[in-house]
Amino acid sequence: MNRATRGGFEEEMRFHIEMETEKYVAEGMDPQVARRRAVLAFGNGNAVREELREELGWSWFGDCWRDLCFGMRMLGRRPGFAASVLVTLALCLGANMAFFASLQEMVLRDLPFEEPDRLVEIYRSEGGDGSSKRGGNLSLKNEYAAQGDLFEQVAFFGGKWSNLQIGGNGFRGNALRVSDTFFQTLGVSVERGEALGAATPDGSAWLARSLWESAYAADESVLGKVVQVDGRPYRILGIAPEEAERVAPEVSLFLKVDRAATLADPFDEGLRSESAGVVWARLADGVSVEKAASRLVSLERQFQERASSLYRESNDWERLAWEVVPVQEVRSSWASSRLLLLNAGALLVLLIGCVNVANLLLAQANARSEEYWMRRVLGARGGRLVRQCVAETVLLVGLSWLAALGIAMAGIQFLAGYSSELFRESGTVSLGVEAVAYGAGLAFVCMLALGVLVGQRAVAASKQAENARSGQQTTPGRRAKVLGSGLAVWQTAFTLALLIGGGLLVKSFYLVTNQDYGFETNGVVTGRIHLTDMKYEEGERKEAFKAQLLQRLEASVEVESVSLSSTIPTFGFPDQLVVKRDAADGEKPQRTFVSYVSEGHLKTLGISLLEGRDFLDTDSFGWQTPVLVDERFARLLYPGESALGKRLNLGRRPRNQNNWPVVVGVVESVKQTALDGDDGMPMLYLPLKGSWVDEFSVFVKTQGSEIAALKLLGSEVSRLDAGMPIYRSGSLDAVIAQSLSGRRGLLWLCMGLGLVALVLSAVGVYGASSFRVSQRLREFAIRMAVGATEGRVVAEHVGQDLRLAAVGLGLGVLLASQASRLLSAWLYEVEPFDWQTYAVLTLGLGLVYAASSYLPGRRGVKANKVRL
1108 MNRATRGGFE EEMRFHIEME TEKYVAEGMD PQVARRRAVL AFGNGNAVRE
1158 ELREELGWSW FGDCWRDLCF GMRMLGRRPG FAASVLVTLA LCLGANMAFF
1208 ASLQEMVLRD LPFEEPDRLV EIYRSEGGDG SSKRGGNLSL KNEYAAQGDL
1258 FEQVAFFGGK WSNLQIGGNG FRGNALRVSD TFFQTLGVSV ERGEALGAAT
1308 PDGSAWLARS LWESAYAADE SVLGKVVQVD GRPYRILGIA PEEAERVAPE
1358 VSLFLKVDRA ATLADPFDEG LRSESAGVVW ARLADGVSVE KAASRLVSLE
1408 RQFQERASSL YRESNDWERL AWEVVPVQEV RSSWASSRLL LLNAGALLVL
1458 LIGCVNVANL LLAQANARSE EYWMRRVLGA RGGRLVRQCV AETVLLVGLS
1508 WLAALGIAMA GIQFLAGYSS ELFRESGTVS LGVEAVAYGA GLAFVCMLAL
1558 GVLVGQRAVA ASKQAENARS GQQTTPGRRA KVLGSGLAVW QTAFTLALLI
1608 GGGLLVKSFY LVTNQDYGFE TNGVVTGRIH LTDMKYEEGE RKEAFKAQLL
1658 QRLEASVEVE SVSLSSTIPT FGFPDQLVVK RDAADGEKPQ RTFVSYVSEG
1708 HLKTLGISLL EGRDFLDTDS FGWQTPVLVD ERFARLLYPG ESALGKRLNL
1758 GRRPRNQNNW PVVVGVVESV KQTALDGDDG MPMLYLPLKG SWVDEFSVFV
1808 KTQGSEIAAL KLLGSEVSRL DAGMPIYRSG SLDAVIAQSL SGRRGLLWLC
1858 MGLGLVALVL SAVGVYGASS FRVSQRLREF AIRMAVGATE GRVVAEHVGQ
1908 DLRLAAVGLG LGVLLASQAS RLLSAWLYEV EPFDWQTYAV LTLGLGLVYA
1958 ASSYLPGRRG VKANKVRL
C-alpha cells in the first residue's frame, strides 16, 4: 500500500469515527464517552487495515519480507530450538540427496553410448535367472556376428590386471583386451590418435583418458610410445574416449586382440566352452531381445546335435539359458536393489525427522500461545498467523536445505569409497541438478506440510489462551489429540522397522566374521606376484623363481612356514574343472574348484589333513599327478567309502586310467569364494610345481611381527627381480576384511540410518511428550491440589505415552517383517524374522521411549509444584 492510499484510508477512518461521534453527542452523550463508543462501534482499526491490505494485494511482497525478518528475529531468540530443527532436517535431506544422486548416476541415467537401449549383453546362465553366469568368448562372438539380421555390431572384451610399464614407470593396471569392433559397437570414437578397426595392426593400445590426464597431465607426446603389458610391447595409438571406461572398473588400457585370436572358429568345442570375457552387441532395427535369444538357443541346439558327448554334458542347452539382456539392465541390476533400499530407508528417516520437527514446532506454538493471542487482540486475523508460521517454516526448511547440500556432498564421498564393492559400479557420482531438485522438492513438501500444520496450531493456541484468560477450560480438542497420537505411532513404527533391518545386518556380519573359516589367519601375511615378463616365458625360470623365493623366506628365523597358492581363500572365484570318477562311464561329471599349491600350504594356513598325506617337495603337475581333495569332494564322489587312491578324470586327461591323477589326501573344507556365502562346490588341490600357473600368492606364517614379515617378503622379491611388483599384499586378516567391504559398507549405511532414526525418534518423543505436558499443566496442578502424588501423576503421563508406543511398536514389527524380506539376499545364517533381534530391539526402543516420556513429565510436575 503506497503512502497516498494509506493517507486516504486513514482520513476515511477518521471521517467515519467523527460522524458517529457527532451522532452520539447529538443524542446527549458526553463528547469523550461518545468518541469512545464510536471507536468501539467502528471496530479494531488494525484489523480493518490488515483486511484492506489483503484485499488490495499491493503489499504482499512487503508483508512476506516483514514476516521473514520477524521470523529471523524469533529464531535468533531461540537458538537451541532453531539448531535442533536445522540439524534434523539437514541430515535427513542430505542423506536423501546423496542416495538419490547415486541412484540417478548408477541406475536411472542412460549409459553414455549411442542408442544405449539397443545395446545388449549376451551370456549363458544356469537356471535362466542369471545367478550362475558364464562369460563369452571370441568363438561365440564370431557366431553372433554372422547373424547380420539380428545384430548390427558385435564386440568382445575381457579385462585382466597386468604389470604395466610406460617409459620408466611401472604399475598394476586393468588392461582390457578388445575386439576391433569394440568402439563401433559402443557408438563412441577415439578422441585423439588413430581409430580402432580391422586394419589396425596387432600390438596396438589406447590409453584410458582418466589415466592420461592423471598420470601424464594430458600430454599428447605419450602417443606413439611403447607400453609393456606383462612384458609384451604395445604401441599407444590414441586416447580412448571417457565413455568407454564405463564398461569395466578402473580401466587403464584398451588392447587390440591379436588378429589370429579374432578368427576363432565358432565350431571349436574347446574355444566355444571358454569363459574369457564379455560379448556385447547392438541389435538391428526392429529386433527384440526375445527374438535374438530364441535364435541363439536354436543355433546352440543345432551345434550340439553334432558335438561330442563331453561338450553336451558340460553345455546342456536344456540346463543353460542363452540370455540377451539390455546392457543398461545388466549394469544397474546389482546396484538398483541396494540403492532403492537405501533410498527407501532415507525417506523413512526423513518422515521420522519431519515428525520430530512437527512435534518441536507444535510445542513451540503452544508455548507462544500468549503471543498469538496478543496479536489477535491487536487485529491480526487467523490467516495472518498462519502466514507468519509458514514464513518461519520457510526459513527453517530453506536453511536446512542449504546445509543439506554440504552433507550430501560428504555422503557422496563416503559412498564413493564403497561404490565398486557395494554397488559393483565405479562411475563418478556428483551432486547433479536432478539430486538438488529432488532435495528441493522434498524440502518444499516438508515446508508446506509443517507450515500449514503449525499455522493451524497457532490459531488454536491463541483461542486457548483467550479461553484461559476468561476462565474457561483449555484442554486440547479431539483433532489435536488424534494428530499427536498418529504422529507418535507412525514415528515409532518407522524407527523400529529401520532398527530391526540394521540389527539383522549386524547379526549377519557378526556371524560372518566369527565363523570357522577352515583355515587360520593369525600371523599370516600374503602378497601376490605375476610372472608374465618375457624373461619368465620359459617354465624353468618360473620354477627357479618360485623355488628360490621359498628357500629365501624359509631361511628367516622369524618365519614358521611358507607356501604358494594360485588362489586366496574367500577372495574371488578359483578356476574350475570338470571331474569324473575313475569308473564313471556315462555318469554326469562333477564341476569343482581347483587351486594349485606348493608343499607346506596346509601347514601355513592351518588346514586340517583328515586322511592321507600332504604334497611333497617331489610332487609335480603332470601324468599321475597327486591330488588333494576336500571332505565335500569326497562325500559327493565317493559316498560311504574312502577317496584315497582313487583316480580322477580331469577333463581331457590321458585315456589310460593308470596315468590319471590319484587322490593322496583328504583335507578339511574351507571357505573359497566368500565368507558370506556357501558356493556348495567341492575343491581339489593340484601341485603348483610344473603347472602353467604364473600368477600366485605367497603366504608367510611368522612368529614375529606381521609388518616385518611383509618387509621381508618385499625385500626378497626385489632381490630376485627388482622390477617385480607385489600387489594385494597385507595381513591375511586385512585381505579377508577387504572381501567384506561391500557388506560392511551396506552395514554402516543401514546402521547409520537406524541410529539417526533412533536419535531423532527419541528427541521427537521427548518433544511430543513436552508438548502434551505443556497442554496439561493446568490439569496437573488441579490433580496435585486435590491430593495426587507426584509419582502417580508422572506414572499416568508415562503410561499414556507407552500405550501409544505399544501401538507403534506393534505396527513397526509388522512393517519390519515385510521390509526385512528385501534384506534376505544380504543375511547370513539369519532369518528375516529373527525373533531374538525383534525382541531385543523392540524392548530397547520401548525403554528409550519410557525415559524420553518420563523426563518431561517429571519436569512438568516439578514446575507445578513450585507454582503451587
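The numbers in the sequence shown follow the working numbering, run straight up by one, and end at 1975. Where a beta carbon is used, it is the ideal one built from N, C-alpha and C, also for glycine.
Local Cβ density within 10 Å of residue i, reported as buried at 16 or more and exposed below that
i, result
"Asp1908", "buried"
"Trp1313", "buried"
"Asp1326", "exposed"
"Val1140", "exposed"
"Ala1816", "buried"
"Leu1723", "exposed"
"Trp1730", "exposed"
"Thr1896", "exposed"
"Pro1963", "buried"
"Glu1352", "buried"
"Glu1938", "exposed"
"Val1870", "buried"
"Lys1796", "buried"
"Ala1958", "exposed"
"Pro1186", "exposed"
"Lys2024", "Only positions 1108 to 1975 of the chain appear in this structure, which leaves residue 2024 out of reach."
"Leu1413", "The identity of residue 1413 in the sequence shown is Arg, whereas the question assumes Leu. Arg1413 should be labelled exposed."
"Val1540", "exposed"
Three-state secondary structure assigned by DSSP to residue i
i, result
"Pro1746", "coil"
"Lys1778", "coil"
"Val1870", "helix"
"Asn1756", "strand"
"Thr1949", "helix"
"Val1394", "coil"
"Leu1922", "helix"
"Ile1273", "strand"
"Pro1939", "coil"
"Arg1185", "coil"
"Tyr1834", "strand"
"Arg1241", "strand"
"Glu1706", "coil"
"Ala1958", "helix"
"Val1824", "helix"
"Lys1818", "helix"
"Ser1537", "coil"
Check whether residue i and residue j have beta carbons under 8 Å apart
i, j, result
"Phe1290", "Phe1264", "no"
"Asp1337", "Thr1639", "yes"
"Leu1196", "Ser1507", "yes"
"Val1386", "Leu1293", "no"
"Tyr1834", "Arg1284", "no"
"Ser1836", "Arg1635", "yes"
"Arg1316", "Ile1343", "no"
"Val1771", "Val1734", "yes"
"Val1774", "Ser1715", "yes"
"Leu1712", "Ala1205", "no"
"Ala1542", "Ala1515", "yes"
"Leu1058", "Leu1612", "The structure shown does not extend to residue 1058, since the chain spans only 1108 to 1975, so no value can be given for it."
"Glu1738", "Ser1776", "yes"
Beta bridge counterpart(s) of residue i as assigned by DSSP
i, result
"Ile1229", "Val1386 and Val1431"
"Ile1675", "Phe1678"
"Asn1466", "According to DSSP, Asn1466 bridges with nothing at all."
"Asp1737", "Val1774"
"Trp1268", "Asn1281"
"Phe1803", "Ile1636"
"Met1790", "Phe1700"
"Glu1718", "Val1773"
"Leu1509", "Answer is none; Leu1509 lacks a bridge partner."
"Phe1551", "None, per the DSSP bridge assignment."
Every unbroken beta strand (DSSP E) inside the segment 1600 to 1673 [3 residues or more]: Within the segment 1600 to 1673, the complete beta strand (DSSP E) runs of at least 3 residues are 1631 to 1637 and 1666 to 1672.
Contained alpha helix (DSSP H) runs [length at least 4] in the segment 1289 to 1355, N- to C-terminal order: Within the segment 1289 to 1355, the complete alpha helix (DSSP H) runs of at least 4 residues are 1289 to 1293 and 1316 to 1323.
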